[in-house]
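In this note's numbering, the protein residues as written are 20 to 180.
C-beta atoms are modelled at their ideal positions from N, C-alpha and C, and glycine is treated no differently.
Being a predicted model, the structure only gives us computed values, none of them experimental.
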Ligand SMILES: [Zn+2]
């Protein structure tokens with residue numbers, strides 16, 4: 020990021036406390052007005068080589084020239100405005116392809132055919148993040164994975180290398 024605008028505008032008796040991120044590509048050498056993604060307050064900034072030369076100064080009633088790339092509220096956990104949120108953040112064309120959005124694949128077996136430890140569901144006794152520090156009783160915990168593993172062994176699909 021070239022810089023941020025931490026918006027402190029009072030809204031409903033509370034400061035807005037939204038951090039608006041100004042990415043170097045758009046704002047490195049730039050003069051103009053940019054909005055806060057949360058409350059819409061318009062700020063004038065003048066940036067030279069990534070440094071805030073003037074501003075941010077509030078410009079009430081004026082329209083922004085550009086929107087921030089991304090904004091979040093660090094004091095409220097993970098609340099954020101991702102790139103491409105209409106009317107809040109700058110349009111963003113580089114969104115991942117459809118199959119890269121959504122859920123991660125759960126993998127039961129490694130490339131050599133051995134069961135991996137991350138398979139769910141893991142019982143609470145697994146400890147932090149299902150880590151099973153010393154022993155992982157796959158037969159008891161995931162009988163269906165164990166069954167599949169036995170079949171893989173029979174079919175000689177399990178390799179050491
Ligand atoms: Zn704001």
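- By the CB criterion at 8 Å, residue 41 and residue 23 fall inside the cutoff.
- For a cut-off of 8 Å, the C-beta gap from residue 105 to residue 69 is around 28 Å, too long to register as a contact.
- The alpha-carbon separation between residue 110 and residue 35 amounts to approximately 22 Å.
- Distances between the C-beta of residue 28 and the heavy atoms of ligand 1 include at least one below 7 Å.
- Relative to ligand 1, the beta carbon of residue 95 is positioned no closer than 7 Å to any heavy atom.
- In the pairwise beta carbon analysis, the segment 41-50 is classified as touching the segment 85-92: at least three pairs are separated by under 8 Å.
- Each residue's CA atom was taken as its position, placing residue 144 and residue 158 some 15 Å apart.
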